[in-house]
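Numbering (the numbering used here), first residue to last: 1127 to 1210.
Below is one structure, written out as structure tokens, with a few remarks after it.
What follows is the structure, encoded as structure tokens:
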């Protein structure tokens, strides 16, 4: 690979990392939603939202640890399993 391509890939990865970090900072108040649908509730920029824990997130549980719980929400958002 050329140095330019390596630099471009590095910059893209860094941009993705910062985007996810910014998203995590905007998430709050993560808690369980409807047990029957295995959903969670959270706020994004202070607005209420829902996400369903399915697929690779199906067996994740909330821990009352802000970093871990917001990571679960980010995964659900990135997987398209939220109403965001």
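Note that CB positions come from ideal geometry on N, CA and C, so glycine has one too.
Here the structure is a predicted model, which is why all the values come from computation and not from measurement.
On the criterion of 16 or more Cβ atoms from any shown chain inside 10 Å, does residue i qualify as buried, or is it exposed?
| i | result |
| --- | --- |
| residue 1128 | exposed |
| residue 1171 | exposed |
| residue 1203 | buried |
| residue 1208 | buried |
| residue 1161 | exposed |
| residue 1187 | exposed |
| residue 1195 | buried |
Closest to residue i by C-alpha separation, out of the options, would be which residue?
| i | options | result |
| --- | --- | --- |
| residue 1193 | 1133, 1151, 1132 | 1151 |
| residue 1163 | 1138, 1196, 1140, 1183 | 1183 |
| residue 1156 | 1145, 1166, 1149 | 1166 |
| residue 1197 | 1146, 1138, 1141 | 1146 |
| residue 1148 | 1200, 1173, 1138 | 1200 |
Would you list the one or two residues that DSSP bridges to residue i?
| i | result |
| --- | --- |
| residue 1130 | Paired residue(s): none; residue 1130 is not in a bridge. |
| residue 1166 | 1158, 1177 |
| residue 1153 | 1170 |
Checklist entry - Should the region 1170 to 1186 be regarded as contacting the region 1131 to 1140, the criterion being three or more beta carbon pairs within less than 8 Å? => result no
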